[in-house]
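Reviewing the structure listed below.
There are 2 protein chains.
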Amino acid sequence: MTARPPKRIDPSGVSDLPDRLQEIIRRRNTVLGPGYQFSETIPVEFVSGFGAHLVDREGNDYLDAFNNVQGVGHSHRHVADAVSRQIASINTDTRYPQEALVVYAERLLATFPAELSKLSLPCTGSEANDLAVRVARFHTGGEGIIVTRWAFHGRTREVASFSPMLGAGSPLGPNVRLITAPDPRLCASEQSLENYMREQVRTAINDLNRHGYRLAALIADSAFTSDGIFTHPVGFMQAMVDEVHAAGGLHIADEVQSGFAQLGDSMWGFSRHGVVPDIVTMGKAIGNGFPISGVAFRPEVSDEFGQKVSYFNTLGGRSLSVAAASAVLDVFEQENVRGRVVVNGATLLAGLDTLTRNSPYVSEIRGSGLYLGIEIVKNRETIEPDPIRCENIIKDLRDRRVLISRTGPAGNVLKVRPPVAFTAADVSRLLETFAAVAKLLL
Amino acid sequence: MTARPPKRIDPSGVSDLPDRLQEIIRRRNTVLGPGYQFSETIPVEFVSGFGAHLVDREGNDYLDAFNNVQGVGHSHRHVADAVSRQIASINTDTRYPQEALVVYAERLLATFPAELSKLSLPCTGSEANDLAVRVARFHTGGEGIIVTRWAFHGRTREVASFSPMLGAGSPLGPNVRLITAPDPRLCASEQSLENYMREQVRTAINDLNRHGYRLAALIADSAFTSDGIFTHPVGFMQAMVDEVHAAGGLHIADEVQSGFAQLGDSMWGFSRHGVVPDIVTMGKAIGNGFPISGVAFRPEVSDEFGQKVSYFNTLGGRSLSVAAASAVLDVFEQENVRGRVVVNGATLLAGLDTLTRNSPYVSEIRGSGLYLGIEIVKNRETIEPDPIRCENIIKDLRDRRVLISRTGPAGNVLKVRPPVAFTAADVSRLLETFAAVAKLLL
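Quick note, the sequences are listed as chains A and B, same order.
Position one of the first sequence corresponds to residue 1 (the working numbering), numbered consecutively onward.
Position one of the second sequence corresponds to residue 443 (the working numbering), numbered consecutively onward.
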């Protein structure tokens, strides 16, 4: 299995696009180069946004069920006002005392189990995972890393070395071992899923040791989203973590995708599994589109690193970043975000299930809260992936102005991942639009 | 030589601080942990800023000759307005067409030699250097990295592995070789400095090869700031780069410190040396405190990486980041920033030279534009470093409300590094204040 090729769009191939857009694409290809891709679908130029809505240059309103970085909503007024106020007054780094930074850290840590009592604030999810693993290596003295087979944790060189989703062009480290994500269809029962996952971790540790690597960490997305979204059952993780701890390693929960109430059941994906990680990384919705990320540590894991190495990020945890992130927490409190995710997510899941239950091309609907996956296959018996049909559904939805994406190693799992700002009306619109494209599933 | 220990401040040891500040420090130590340090001096809580001025809670105005991230000035109105406008409308990532992103890339690249024609936009200087070296490794197939002896390029695991300034707690990679910074006192003439640097690069390459590493890159801060600030003479770098190219490696110019006109002579520090790097990294002043960074590439170096690996940074190059960075370029054009740096830097250098010329404790003043270093020694013959006297000067200046810092492996080079917004009046105030503390140099 290799990564899907980059979507570099050649303007000569999209002559049905407006001239303006072709010109932007041409100039963009000139200055940004081939590393910059477009979203799955034919590009749309958005000029404003609100809630889960993006508006294009012609004034068309798209329902955004894909971009969840702006978790509390595109251009949310409370966040915008907080950033605007802050940037007009002061923006010092963390080498200066800022009461707001301390208050923010206290508020954010209060959403975690008490064991996770120390916070660092880098700028991106990649930096958060890079720091987490750097601390894990320092603390354990080990180098071995265990991730899932199609994991994506970011793009620094270190993090790319344990992000197999990046494909063959980006080599995995010799210290990295892959395990299969917790797909319950691979096992006869919940108990056997736990054993299956435990056994895989044990095998990976043995193989690392055999090659001279002691374990540093198991790092896992708590919803296994890039592997295809595996949210149920829960409860098997403690067995994996026990193996990791027995080998002297740490459990790092990557909550960049699953955190900030995206899964509805709880603020953090790991909580659903009843485990308390050693390190937790956060990104995306933490700043509603402002570049900030976070790492929460058990102090016994991070304090020595702090004393002997230290961590300073010039652009992380500045007054402006803290203003954005604090405003996001305000909105979570003021707008009952988590409660709404639970209700709207359940309605959305039930509606999608009804629409696809009898399709010969849908093998499974998975997910929790507002992170849902619909697995598209050639037939339900063989569950052979059908990424082409998957892409056609995405295109058809986009033509009807609803944005979703896809995930999984074969690219055949429709990814419905709206911002947590998604309302009941948004759910209705998504379901109505999905009903109109469901002919592709008959 | 080891790194200076972290400045973790225990509130019980600073009982002369206001209660409010002691309380912030106590709570901060609880939630942020020991990895978070304070600035060199006793902490001051700043609540607003303008130009090169920071204002504390009591309304005292400090002259900021240290924090140059807000290059065009603290809370600059034009940047603040641009960010405020943008955050209220739209903030998409680079997977969507944004005309403003393309225009920004064109404008920024126009400040570079034509060979550097492709741009990527991460969020931090660390991410920029990490990407640069990742591309260099991919392009060359080599792994060897050459840096200066006290280099600092950032804090991802990869970048920390070639940032010896981080000290013994942060291990260097086995693929990393160190060379001494271009201190002209080590050589009899300019020609011999060139030969000295060339020979060091050659020796490093040979040693890398002997250990099985082919060269990937020489990465160098164009003003060698962490090594103690070495800006003169120029002209020796081409010889180093020739050696690097002959070995199949790339030259990465780290302009996080020396870029955006900080050195006055030119927008980019490498231009002073008459070289055209293969990759250039930018940070700090690029966003005036907004988390954005940049990497400019020769396309022949980056295009294959772009095609086969790609690079997407969820939080890099978004509409909001581009709005901040574009506004910074506006100010550079509107306010003749570079011209002012040249004039004010020259006045500052001449004034400091006059004030310290006869001191038995000042061995040298170095620097260019608004990046100056004053080397403090126990006596001028032995040039034995005197970090204690250095620190006392910084403290005395801080008590008189002028902020500077120090650099170099021994921590004995006063670092005068104001934002490029520094005015003629600011220069006068700095010189007057420095005159008042010059008794420490008699």
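Built from N, CA and C at the ideal position, the CB exists for glycine as well.
In this text, all values refer to a predicted model and were calculated from it rather than measured experimentally.
Residue i vs residue j beta-carbon contact at 9 Å
i                      : j                      : result
residue 145 of chain A : residue 223 of chain A : no
residue 14 of chain A  : residue 42 of chain A  : yes
residue 21 of chain A  : residue 426 of chain A : no
residue 218 of chain A : residue 241 of chain A : yes
residue 812 of chain B : residue 571 of chain B : no
residue 398 of chain A : residue 55 of chain A  : no
residue 810 of chain B : residue 652 of chain B : no
residue 854 of chain B : residue 817 of chain B : yes
residue 331 of chain A : residue 264 of chain A : no
residue 757 of chain B : residue 290 of chain A : yes
residue 815 of chain B : residue 806 of chain B : yes
residue 106 of chain A : residue 466 of chain B : no
residue 151 of chain A : residue 164 of chain A : yes
residue 734 of chain B : residue 701 of chain B : no
residue 635 of chain B : residue 628 of chain B : yes
residue 32 of chain A  : residue 561 of chain B : yes
residue 858 of chain B : residue 790 of chain B : yes
residue 725 of chain B : residue 310 of chain A : no
residue 337 of chain A : residue 441 of chain A : no
Below-9 Å beta-carbon distance, residue i vs any chain A residue
i                      : result
residue 680 of chain B : no
residue 457 of chain B : no
residue 837 of chain B : no
residue 516 of chain B : yes
residue 862 of chain B : no
residue 868 of chain B : no
residue 560 of chain B : yes
residue 718 of chain B : no
residue 540 of chain B : yes
residue 530 of chain B : yes
Bridge partner(s) assigned by DSSP for residue i
i                      : result
residue 504 of chain B : B:496
residue 365 of chain A : A:374
residue 144 of chain A : A:215
residue 663 of chain B : B:696
residue 848 of chain B : B:856
residue 317 of chain A : DSSP output for residue 317 of chain A lists no bridge partner at all.
residue 793 of chain B : Note: residue 793 of chain B sits in no beta bridge, so no partner.
CB contact check: residue i to chain B, cutoff 9 Å
i                      : result
residue 313 of chain A : yes
residue 233 of chain A : no
residue 133 of chain A : yes
residue 250 of chain A : no
residue 255 of chain A : no
residue 19 of chain A  : no
residue 430 of chain A : no
residue 447 of chain A : Residue 447 of chain A cannot be examined here, being either before or after the span of chain A that is shown, 1 to 442.
residue 122 of chain A : yes
residue 91 of chain A  : yes
residue 130 of chain A : yes
residue 95 of chain A  : yes
residue 36 of chain A  : yes
residue 244 of chain A : no
residue 300 of chain A : no
Assumed close pair residue i, residue j - CB separation to whole angstroms, cut-off 8 Å
i                      : j                      : result
residue 252 of chain A : residue 278 of chain A : 7 Å
residue 76 of chain A  : residue 288 of chain A : 6 Å
residue 521 of chain B : residue 863 of chain B : The pair is not a contact, with the Cβ atoms about 11 Å apart (cut-off 8 Å).
residue 122 of chain A : residue 190 of chain A : Not really, about 36 Å apart at Cβ, beyond 8 Å.
residue 401 of chain A : residue 93 of chain A  : Wrong, their Cβ atoms sit about 42 Å apart, outside the cutoff.
residue 532 of chain B : residue 66 of chain A  : Actually they are not in contact, since the Cβ atoms of residue 532 of chain B and residue 66 of chain A sit about 15 Å apart, beyond 8 Å.
residue 685 of chain B : residue 656 of chain B : Residue 685 of chain B to residue 656 of chain B, Cβ: 14 Å. No contact.
residue 108 of chain A : residue 329 of chain A : 7 Å
residue 323 of chain A : residue 86 of chain A  : 4 Å
residue 127 of chain A : residue 598 of chain B : 7 Å
CB contact check: residue i to chain D, cutoff 9 Å
i                      : result
residue 303 of chain A : In the displayed structure, chain D is absent; the protein chains listed are A and B.
Residue i CB to nearest heavy atom of the ligand MG below 8 Å
i                     : result
residue 69 of chain A : Looking for the ligand MG in the displayed structure turns up nothing, as the structure carries no ligands at all.
Starting from the N-terminal side, write out each stretch of the beta strand (DSSP E) that is 3 residues or longer and does not extend beyond the segment 240 to 306 of chain A.
250 to 254, 279 to 282 and 294 to 297
Of all the alpha helix (DSSP H) runs that stay within the bounds of the segment 147 to 182 of chain A, which reach a length of 4 or more residues?
157 to 160
Restricting to runs no shorter than 3 residues, where is the beta strand (DSSP E) found entirely within the segment 504 to 579 of chain B?
560 to 562
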